[in-house]
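Position 164 of the sequence shown, counted from 1, bears residue number 1171 in our numbering, the numbering being contiguous throughout.
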Amino acid sequence: MNGSSNVLVLGVTGQVGKRVATNLKRKKATLSVGSRRKANLKELADQFGASRFIDLDDPRTFDEALNNVTSIFLITGYTVDMLVQSKSLIDAAKRNGVKHIVHLGAFTRDHDAYATVFAWHQMIEAYLRESGVAWTNLHPNMFMQNLLTHHAVTGALFNAYTSKPLGYTALEDVAESAAMILMEGPERHGGKDYWFSADALDPQQVAETLTVATGRKFTSAVRGDVSFQIEAAQPGSVFETAYAKGGLEFFRYVEDGRMAYAGSVRDDTKKILGRESLLLREWAKLHADELLEIAGS
């Protein structure tokens, strides 16, 4: 499983990492996927071609995991540990001769963004820029796939945490772009920031778009920022307290105008892939069956 792979993809048990690895495999790239669960390594190797044991909480696992790796897709978890994990992995990457790190961050268009999670990503990016390893930072806005989660849509009701417009991007576009960047390498993409926000819509417009795409009537309700914090605190949530606080801040700052740029369009998909990005109406048609299933639940 620890062959001489060139690209190491992290986070393959989640949607983004899995799609990045799938795109790389489809493009015949040499890759391996990382996991901290040793029991999963064989299954992952069978699925993607090669796997490597790496525990982001244990830097002692990094040197073996990075053997012969030339580029990394770096995706963080949902805790403040993302800061130490990313910093130590960047250090190990430099030590092991990794040439390129592609980091999945957040839509931080303003340099002085100070919502917790956004600031964390900016700290990682600042460290990466100074590391001496070639870097590319991806800045996605709200993933359209979030609309398929249990708390975003209940029945045919879209639950919004702000009344203001938000920019949306398709996970499909971000994952394919990340794979292309990893394959084309730092010669073309090193030292660049790419933005993914293709469609800016307020809650009513989201509901109307889902209605047209599925033929089922969707409505929207603005639940407010505190509702996010309540949802994030439910048993089984992937969010820790500090991360959930970041979500609360984000929706509050969008609502009061401090992060109004979150409702803007700025998208580099065409620059990377040579095609237009998916708008919500197009994405919703692709996922109409899933949306209808949620609407009927």
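By construction, the Cβ of each residue, glycine as well, lies at the ideal position given by its N, Cα and C atoms.
Just so it is clear, the structure is predicted and the values come from calculations on it, not from any experiment.
Next item on the list: Give the DSSP-derived three-state secondary structure of Ser1039 in the structure shown.
Entry: Strand.
Next item on the list: Please work out which residues of its chain come closer than 7 Å, Cβ to Cβ, to Leu1293, disregarding the five sequence neighbours upstream and downstream, and give them in chain order.
Entry: Beyond the five residues adjoining it in sequence on each side, Leu1293 comes within less than 7 Å, by CB distance, of no other residue in the same chain.
Check: Are the beta-carbon atoms belonging to Thr1077 and Lys1106 less than 7 Å from one another?
Finding: One thing to note: Thr1077 has its Cβ within 7 Å of the Cβ of Lys1106.
Check: Three-state secondary structure (DSSP) at Thr1161?
Finding: It is a strand residue.
Check: With C-beta atoms as the reference, is Gln1129 less than 7 Å away from Thr1115?
Finding: By the CB criterion at 7 Å, Gln1129 and Thr1115 fall inside the cutoff.
Notebook entry, point to check: Quick one: what's got a C-beta closer than 8 Å to Ala1228's C-beta in the same chain, skipping five residues either side?
Noted result: Answer for Ala1228: Leu1164, Phe1165, Asn1166, Ala1167, Pro1210, listed in chain order.
Checklist line | Any non-hydrogen atom of the ligand NAD closer than 6 Å to Asn1103 Cβ | finding: With respect to the ligand NAD, the structure shown offers nothing to examine, as it has no ligands at all.
Notebook entry, point to check: Should Ala1269 and Val1261 be called a contact, given that it needs their Cβ atoms to be closer than 7 Å?
Noted result: Cβ atoms of Ala1269 and Val1261: closer than 7 Å.
Next item on the list: Can you tell me which of the three DSSP states Asn1009 falls into?
Entry: A caution first: Asn1009 carries a pLDDT of 37, below 50, which makes its placement in the model too unreliable to give a value.
Item checked: Sub-7 Å separation of Ala1052 and Ile1061 beta-carbons -> No, the pair does not count as a contact, with Cβ atoms beyond the cut-off.
Note to self: Considering only the alpha carbon of each residue, which of Glu1300, Ile1079, Leu1090 lies closest to Asp1064?
What the structure shows: When each option's Cα is compared against that of Asp1064, the closest is Leu1090.
Checklist line | Any 3 or more C-beta pairs closer than 8 Å across the stretch 1125 to 1139 and the stretch 1271 to 1281 | finding: With a cut-off of 8 Å, the stretch 1271 to 1281 and the stretch 1125 to 1139 do not count as touching, because too few Cβ pairs lie within range.
Check: Going by DSSP, which residues form a beta bridge with Pro1066?
Finding: None; Pro1066 has no bridge partner.
Margin query: Cutting at 7 Å between CB atoms, please list the residues of its own chain near Ile1279, excluding the five before and the five after it.
Written below: So the qualifying residues of the chain are Ser1184, Met1187, Ile1188, Tyr1201.
Check: Alpha carbon to alpha carbon, how far is Gln1212 from Pro1172?
Finding: Distance between Gln1212 and Pro1172, taken at the CA atoms: about 9 Å.
Item checked: Touch test, the stretch 1034 to 1044 against the stretch 1019 to 1026, Cβ-Cβ under 8 Å, three pairs minimum -> At 8 Å Cβ cutoff, the stretches touch.
Note to self: Distance cutoff 7 Å, beta carbons only. Does Tyr1168 sit that close to anything in chain D?
What the structure shows: Given the protein chain composition of this structure (a single chain), no chain D is represented.
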